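Quick note, the sequences are listed as chains A and B, same order. Take the first sequence: its letters are residues 128 to 1089, numbered as in the numbering used here. Take the second sequence: its letters are residues 35 to 296, numbered as in the numbering used here. From the three backbone atoms N, C-alpha and C, an ideal C-beta is built for every residue, glycine too. Computed from a prediction, not measured in an experiment: that's the story for all the values here.
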Amino acid sequence: MIWRIDVFPKEEVSSKGLVSQIRDLGLKGDFKVFCRKVYFVEGPGNEADIKTIAQSLLIDSVTEKYSYHKGLFSKKPDPTEIIITYNPGVSDPVALSFEKAIRDLSLEVKNTKIARLYKFENLSIDQIKDLSIQLLYNPLIEHILEYEKAARVESLDEFLGQKYKFQLVEVDILNADDQRLKDISTDGCLSLSLEEMHIIKEYFAKRKRNPTDCELETIATLWSEHCGHKTFRGLIDYEEKNSSGDIIKKTSINNLLKSTIMKATQEINSSDCVSVFHDNSGVVKFDKDFNVCFKVETHNHPSALEPYGGASTGIGGVIRDILGTGQAAKPFASIDVFCFSPWHIAYDDLPLGLLHPKRVMKGVIGGVRDYGNRMGIPTVAGAVLFDERFLGNPLVYCGTLGLIPKDKSFKKSEKGDLVIVCGAKTGRDGIHGATFSSKELDEKTVFLTSAVQIGNAIEEKKVTEAILRARDLNLFNAITDCGAGGLSSAVTELAGEHGVEVSLEKIPLKYSGLNYTEMWISESQERMVFFAKKENLDKLKKIFQEEDVEITVIGKVTDTHKLELFYEKNKVCEIDMDFVLDLPKLKKKAVWVIEKEEEANLPEKTNYSEDLKMLLASPNIACKDWILRQYDHEVQAGSALKAIYGIENLSVSDAAVVRPDLKSEKCIAISTGINPFYSDIDPYWMSALAIDEALRNVVCVGGALKNTFILDNFCWGSPQDERTLGGLVRASSAAYDFSTYFGVPFISGKDSLYNEYSVENKKISIPGTLLISAFSVMDNWQGIISANLKQKENLLYVVGFTKPHMGACEYFRHLKVKEGFVPRVDKLTAKKIFEKLSEAIKKELVLSCHDLSEGGLAVAIAEMCIGSNLGANIFLGDVPKDNDVHNYEVLFSESPTRFIVEIAKDKKEKFEKELKGLPYGLIGCVSEDKKLVVYANESEEIINVGLADLKEAWTKTFEEFR
Amino acid sequence: MQKPKVLIIRTAGTNCDKETEFAFHLSGADTELCHINHLKESGSLKNYNIIAIPGGFSYGDDLGAGKILALELMLWFKNELKSFIDKGGLIIGICNGFQVLVKTGILPDLDFTQKVTLTFNDSARFEDRWVYLQGAGRRAQGAAGKKPENIWLKDLPEIINLPIAHGEGKFYAEKAILDKIENNGQVVLRYADTKKSSNVYPLNPNGSLNNIAGITDITGKVFGLMPHPERFMFEYQWPSWKEKQVEPFGLQIFRNGVSYFK
């Protein structure tokens, strides 16, 4: 029997938040929305049990009350009332907790299901229908419970899957012609090219049999762009042309990754690198006991479809990368970087099938917030950038750092090891296409390569605790996470050098009905795979049981060099490891045309106060404290410099600093560099500038290049497009050039290609975007400095040379000026500037330091003022620059490798001595007047803005979100 | 002299346990961090002087903040907890731990009946920010003759800073109950500005009635608070530590608990 319990506040009030979101949709009038929680319980027979459940578990007796009845509906509900619940097969973490709690009460329970009820007043049925789909639920994972269908439901089993009966499926490729091979790939969502299908056909032809569906899926997964990085590891014929079309460079690249990014790391050959580019994250030395590891992932397509679920499983996935490094690392900090479309687009102007950018932004931030906060891993830093081209394809970068004991930094495995899966049960979530059952969405949605997964942070938190306990008792030898491809890629890669046998029927399932292939490729979240010796199994079970985590032995490591899968003793897969792990190299063509850049030469204005305020209010620059404050950025108590800090004042840091182990004094500065806009002129410089920016940011807080390491995350359009791929080649070669120049090695990276979508049959590709994430190991927290001004009358210097680098800069993009030179990193001085400034900071000569980035000098000094409630007087005449530079260029140029530093008067000589031979200028001083005043080259006043006005400009942009 | 023994209880979703343990360790206590499942099997509360329930999202706060852990404590440890309190043990519940203490009904009246709650922030979302808190140094003035003993907040100035990080921290109770705990002097920590209690957002970050950030039971031994003292053990954790050095107020709270037994 099913019981339904509705929980609602004693005094029901209309939800202010929802009403305002509905108003955003353009609906007017005096309407109201009331929300209730609805619980369905199957199992307990009598009313008394239901009352106990409601009173002890479901209501907050101070503020809430409840009602209950038998069945899903007691009567046909009013059409102004809707109930939303998860689709069959979508896991619901709250239901699992609910069932546990019912059992704690010693009551019986068979199934539960949880729903949300919304009741509207003064809105029409059509309006409710429209706003529901726009705001309240996502049909990929949820649906409206319809009275007509649900009233008859007698058991919640109907929401679960059907029983599965084994049947081996073979795919006839031996007799397939080219068209048929293509169809097999397309229809099966395999994303295998014809060339690859031929290679597979040949492999099975030799064995005189057809592949099973499972074999084909496994190959497709491991050969996918996501797992195999076909483009980066493949062959590229590259041509570079000048603006008149002459070929100026022609080269064949065999493995772009190895010939640029990994090559840089090899050449730098840092003794601090422990394990780079072959584990789930890059590992470098930290202190005498621990190494530190860092990984950054993207989760763009899932976030476009289901922002909340996509982003939360993005952060969940990268946390598992850390957990799956070596023999497991402990995550201690996360970062998040997002690229969204500006959110002011009217709902009516939104192309069909795309979510509104506001919903994307709120969903993504909410997903990272809820998952990260529940995991107890502080999200300490990040960035958010806006461009229209991210409308259908937002970028969601999630990164996590971990600490790993030195002796646990590498995996070990040998024949006979048990293959163990732990964590969540396996469901149908995340099987490609499986959740995209709706035909309509098929037509509307641009990319269907990855289905939506639902995260359960508490499951992952439990898994983390259990694994770290087991690790410290040496109970397992190797571990990896189930990410893309689920068990198929995790087990195959982990056992690659030996061979493995897996009995698929042993995999614990969320519900029945999955076939053997689905079990194998499902991307259900919160699962890890590890190898352990048989003699440790009992100890493992005890720990995992205490942490409430399921572990199951599903197979064992062999020495056959084969991947062998069974379902109830039926062999469903036998492939050679060498074949499945050795990707065919496909050739692609790439071209880049270097366009000529021209100076804009705008007329000079007499006053730039309004321009500065406009820039401070730009979404790319405006204060995003409202995002960071939603993240628990202080959990684990390691926060030594916060990205947003201050109690009375609002200050920003260039990097966050974390002390990951309270028993060690060492700290880690974490920063990012990203600016996709430069890609529109030249991805080479975009890439160089991202590196420069990330390094500037760690130097600003007290980090030094020699202890700094970087990660690359390329998000690019389709590599099938020659120009797009040409841009990627250029960006990669800059990554090599500047990593080696600065002597800062890459330790890990990832690429996400095919970031594009169609609107009215027109393809829109994102700007080629490289995120550089940097971290710097610092000896202790005493060496940290912050960016806000410290004391009146202190001296202000600009370090670094200012050129008219206005191409794609924030100022010009606001003025819609297309001309201008893209900023270029100056190899003659950049490295020295970093090193000397770090030296000056180490010698305690510097009181505050802030880098010059978007919005240039003017924005940087304004931010330093706002953060301190102190003013400044600045003289542009003393900024190191060429003579003929315009005032607007000195103010807003985005030349790299520049800083503003604050120095006490008595440190002047020492500081200048430190920077001898480098471009620097004493440009002004801190003042107690609460305003920023800037004097031009010829000493006339061109900016004069009070601090309150600066702060207002900087904070008002996101007021509606604050 | 023997060090006081502190039990830190954790469960699925607890996430401030290690730093809470570290804070007690720094304050000179012997600590034991224990999963509730382990405690259910073999544990007893007899050998401890202090019990701490740290912050986090126990069981994901799935059926309400702290709800399931509260249920487990009630079902398995009600009598043990009663005798622990009767014998003079101290209890501190921080953030999610405070939510657990009110949902078990240990706070405010030690009678295992829920009377007050910590509900959704007025802002309707999770926020991590530093706040000013008043009431630490001076005792809140209770009208009833018997006032809670000032155990946890000794030797602190009237206004201190600590960070809060929660989505459900709005203290709420019906008027009669609120009046009673006020009269008893059980409200020991209020959101404030630099001088006095304040109800202006974000100074009062969640809309708590009477700006309540922390309360004790009538004896002063059981202390629940939304702010996180374990996040202010070192000077560099204070947001503007590069401008001004401030005593780590949080650590003092743990020291107070430990020194009560010395």
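Asked: Q182 of chain A versus R243 of chain A: straight-line alpha-carbon distance, rounded; Found: 19 Å
Asked: Beta-carbon separation (whole angstroms), L184 of chain A vs L105 of chain B, contact threshold 8 Å; Found: 7 Å
Asked: Under 7 Å between C-beta atoms of K240 of chain A and F167 of chain A; Found: yes
Asked: Where V165 of chain A falls, given that 16 or more other Cβ within 10 Å makes a residue buried; Found: buried
Asked: Integer Cβ distance of I1124 of chain A from G829 of chain A, believed to fall under 8 Å; Found: The structure shown does not extend to residue 1124 of chain A, since chain A is modelled only from 128 to 1089, so the question has no answer here.
Asked: Where V150 of chain B meets chain A, residues with beta-carbon distance less than 7 Å; Found: V189
Asked: Proximal residues, the segment 222 to 239 of chain A versus chain B, C-beta separation under 9 Å; Found: A222, L223, S224, F225, K227, A228, D231, L232 and S233
Asked: Three-state class that DSSP yields for P458 of chain A in the structure shown; Found: strand
Asked: At least 3 beta-carbon pairs within less than 8 Å: the segment 1061 to 1072 of chain A vs the segment 256 to 273 of chain B; Found: no
Asked: Y365 of chain A in three-state terms, based on DSSP; Found: strand
Asked: Same chain only: Cβ atoms within 8 Å of E567 of chain A, ignoring 5 sequence neighbours per side; Found: Low per-residue confidence applies at E567 of chain A: pLDDT is 30, beneath 50, and the placement is therefore not dependable, though the value from the model is reported in the following sentence. If we look at E567 of chain A and ignore the five residues flanking it on each side, it has no Cβ neighbours.
Asked: Cβ of I194 of chain B within 7 Å of any chain A Cβ; Found: no
Asked: Bridge partners - K204 of chain B, DSSP secondary structure assignment; Found: B:T153
Asked: Neighbourhood of G623 of chain A by C-beta, 7 Å cutoff - its chain only, sequence neighbours within 5 removed; Found: M704 and L708
Asked: Partner residues on chain A for E277 of chain B, Cβ-Cβ distance less than 7 Å; Found: K917
Asked: Nearest neighbour of R289 of chain B, chosen from B:K188, B:P197 and B:S61 [CA to CA]; Found: B:S61
Asked: C-beta atoms of L898 of chain A and Y524 of chain A nearer than 7 Å; Found: yes
Asked: Beta carbon of L1045 of chain A nearer than 7 Å to that of K959 of chain A; Found: yes
Asked: 7 Å Cβ cutoff, G773 of chain A in contact with chain B; Found: yes
Asked: Endpoints, the beta strand (DSSP E) within which P532 of chain A is located; Found: L522 to P532
Asked: Cβ neighbour criterion (16 or more within 10 Å) applied to E433 of chain A; Found: buried
Asked: Contact the segment 974 to 983 of chain A vs the segment 1023 to 1033 of chain A: 3+ CB pairs below 8 Å; Found: yes
Asked: Among A:L301, A:K415, A:C700 and A:L602, the one whose alpha carbon lies nearest that of E331 of chain A; Found: Reading the sequence as shown, one finds Phe at residue 331 of chain A and not Glu. When each option's Cα is compared against that of F331 of chain A, the closest is A:L301.
Asked: Short CB-CB distance (under 7 Å) between H760 of chain A and chain B; Found: yes
Asked: Sequence-distant residues of the same chain with beta carbon closer than 6 Å to K930 of chain A, five excluded per side; Found: S1022
Asked: Closer than 9 Å at the beta carbon, the chain A residues around K230 of chain B; Found: What K230 of chain B touches in chain A: nothing, since even the nearest Cβ is about 16 Å away.
Asked: Neighbour-count burial assignment, K723 of chain A, 16 or more Cβ in a 10 Å radius; Found: exposed
Asked: Closer than 7 Å to chain A by CB, R289 of chain B; Found: no
Asked: Continuous alpha helix (DSSP H) stretch holding I374 of chain A: start and end; Found: Per DSSP, I374 of chain A belongs to no alpha helix (DSSP H); it is in the beta strand (DSSP E), I374 to N381.
Asked: Given 8 Å, three or more beta-carbon pairs between the segment 865 to 872 of chain A and the segment 819 to 835 of chain A; Found: yes
Asked: A914 of chain A - DSSP class collapsed to helix/strand/coil; Found: coil
Asked: Assigned exposure category for F293 of chain A - 16 Cβ within 10 Å defines buried; Found: exposed
Asked: Burial state of T48 of chain B (16 or more Cβ within 10 Å); Found: buried
Asked: Backbone secondary structure at Q261 of chain A - three-state DSSP; Found: helix
Asked: V676 of chain A, enclosing beta strand (DSSP E) - first and last residue; Found: Unbroken run through V676 of chain A: none, as it is neither H nor E.
Asked: Heavy atom of the ligand GTP within 6 Å of D305 of chain A beta-carbon; Found: Judged by which ligands are present, the structure shown has none, so any question about the ligand GTP falls away.
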